[in-house]
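Peer 1: Below you will find the structure I want to go over with you.
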């Protein structure tokens with residue numbers, strides 16, 4: 001097979017039937033669409049090319065910088081395509097949580113602009129959100145930037161409406177599958193594939209998978225986050241179901257160890273969510289059915305994510321004093337204070353947000369220990385005396401409540417979480433300062 005450049009190799013990925021001895025389904029044939037075999041390594045190769053292709057000539061003539069709000073596979077693909085055309089690329093994000101992805105983007109020559117933000121993705125309804133302000137700047141004519149705009153660009157959907165979806169139908173001998181199970185990130189692939197499949201069979205059932213609240217699965221958003229994505233349409237999905245990071249890792253291990261598929265957490269989550277949903281239907285079926293899910297990308301970029309959550313996989317002892325071991329009852333019982341009581345707090349105030357958000361606005365007198373570093377400190381035991389009053393602060397009070405519950409379990413009675421976080425403090429008109 002001969003091509004003139006790497007982008008010609010995007011698409012036409014295999015559809016692989018998984019061994020029933022692995023997944024245990026009797027009446028359903030389960031297929032994986034192997035998007036990890038795209039040349040840049042992920043399903044986002046399709047959307048990146050589709051979005052940037054009509055902009056390349058103008059950008060090259062003006063010497064513009066290609067920009068995307070992305071911290072993952074879309075940024076990686078765009079950086080590579082931009083580089084092929086001699087264009088610089090900038091990734092703007094407040095979600096750079098996987099070190100390998102960050103290092104890879106730097107290796108590709110990308111510029112990283114990590115911003116504070118009130119949400120994990122762009123919220124167009126909030127004109128003061130830093131990502132929203134950046135979005136307006138990038139959209140201005142003559143800004144020197146070409147913004148591919150993956151959260152709102154219909155070409156993201158079209159890449160899958162005209163590519164991924166029809167390929168699935170073709171490989172199933174002209175039939176649409178009975179079930180399509182999709183993780184929801186920007187919603188481009190799930191929406192585009194669903195539309196394509198339903199053009200062949202309006203009865204295709206589409207199961208969308210979102211991450212559990214306060215959990216983090218690369219490439220999958222929580223139900224609150226997906227409602228902030230411009231391409232998300234709840235009408236696309238027959239049902240939305242929740243999966244956890246443990247589900248994603250369990251599925252990843254099955255795909256890697258039993259199916260010869262070096263899948264990342266998104267693919268693992270798609271597999272685990274698919275099997276769980278389909279097992280509930282399997283015994284009730286009277287005819288044979290087919291189901292498809294997407295393996296979005298490769299595992300190599302997520303080794304630190306896996307080491308952090310499953311150290312035993314790498315021969316390491318389990319982490320101690322970890323928020324992930326807390327029960328739901330412990331988190332619900334986390335000690336909190338409201339803004340009025342917090343304004344009179346007599347002890348230490350620890351802001352768990354990223355340094356950019358802290359520098360932008362923070363409670364006067366607070367200190368900044370980003371949550372990942374705070375977690376590492378707690379693995380070694382209490383970092384301060386048990387009599388030291390400690391108030392924990394995060395954007396909306398969720399992460400701080402979990403850490404407050406953990407500190408309480410560790411024997412620190414004088415810890416509290418600010419209910420509603422910095423957002424509640426701001427909304428109450430309490431004083432915030434800039435660094």
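Residue numbers (full-length UniProt numbering): 1 to 435. By construction, the Cβ of each residue, glycine as well, lies at the ideal position given by its N, Cα and C atoms.
(1) Could you spell out where the alpha helix (DSSP H) holding residue 351 opens and where it closes?
(2) Is residue 34 closer than 9 Å to residue 15 when the C-beta atoms are compared?
(3) I need the boundaries of the beta strand (DSSP E) containing residue 210, first residue and last residue.
(4) Only counting the same chain, and skipping five residues up and downstream in sequence, which positions put a Cβ closer than 7 Å to that of residue 313?
(5) With distance defined between alpha-carbon atoms, name the residue in 267, 49, 88, 44 nearest to residue 60.
(6) Leaving out five residues before and five after residue 44 in sequence, what residues of the same chain have Cβ atoms less than 7 Å from its Cβ?
(7) Quick one: what's got a C-beta closer than 6 Å to residue 275's C-beta in the same chain, skipping five residues either side?
(8) Locate the alpha helix (DSSP H) running through residue 62, then write down its first and last residues.
(9) According to DSSP, simplified to helix, strand and coil, what is residue 298?
(10) Counting Cβ pairs, one atom from each stretch, are 3 or more of them under 8 Å apart for the region 393-407 and the region 331-347?
(11) Taking Cβ to Cβ, would you say residue 160 is nearer than 9 Å to residue 176?
(12) Quick one: what's residue 415 bridged to in DSSP?
(13) By alpha-carbon positions, which one of 215, 304, 284, 190 ends up nearest to residue 442?
(14) With a Cβ-Cβ cutoff of 9 Å, do residue 210 and residue 221 count as a contact?
(15) Are the region 338-349 and the region 418-426 touching by the rule of at least three beta carbon pairs closer than 8 Å?
(16) Cβ of residue 344 less than 9 Å from any chain D Cβ?
(17) What are the complete alpha helix (DSSP H) segments, minimum 4 residues, inside the region 155-230?
(18) With DSSP as the reference, identify every bridge partner of residue 362, one or two as the case may be.
(19) Can the beta-carbon of residue 81 be found less than 9 Å from the beta-carbon of residue 101?
(20) Can you round the beta-carbon distance between residue 145 and residue 186 to whole angstroms, since I take them to be within the 8 Å contact cut?
(21) Determine the burial state of residue 436: buried for a count of at least 16 other Cβ atoms within 10 Å of its Cβ, exposed for fewer.
(22) When DSSP labels each residue in this structure, what does residue 29 get in the three-state scheme?
(23) What does a CB cutoff of less than 8 Å around residue 367 pick up in its chain, not counting 5 residues either side in sequence?
(24) Look up residue 402 in the DSSP assignment and give the residues it is bridged to.
(25) With distance defined between alpha-carbon atoms, name the residue in 68, 382, 243 nearest to residue 111.
(26) Are residue 252 and residue 268 close, meaning C-beta to C-beta below 9 Å?
Peer 2: Judging by the given coordinates:
(1) Unbroken run through residue 351 is the beta strand (DSSP E), 348-351; no alpha helix (DSSP H).
(2) yes
(3) Counting along the chain, the beta strand (DSSP E) containing residue 210 begins and ends at 205-211.
(4) 306
(5) 88
(6) 73, 74, 77
(7) 23
(8) Taken as a continuous stretch (DSSP letters only), the alpha helix (DSSP H) holding residue 62 covers 56-62.
(9) strand
(10) Verdict: yes, contact present.
(11) no
(12) 390
(13) The first residue shown for the chain is 1 and the last is 435, placing residue 442 beyond what the model contains.
(14) yes
(15) yes
(16) The displayed structure is made up of one protein chain only, and chain D is not part of it.
(17) 165-171, 188-200, 223-226
(18) 433
(19) No, they are not a contact pair.
(20) Their Cβ separation, rounded to whole angstroms, is 19 Å, which puts residue 145 and residue 186 out of contact at 8 Å.
(21) This structure gives no information on residue 436, because the portion of the chain shown stretches from 1 to 435.
(22) strand
(23) Here the set comprises 348, 349, 350, 351.
(24) Bridge partners of residue 402: none, in fact.
(25) 68
(26) Yes.
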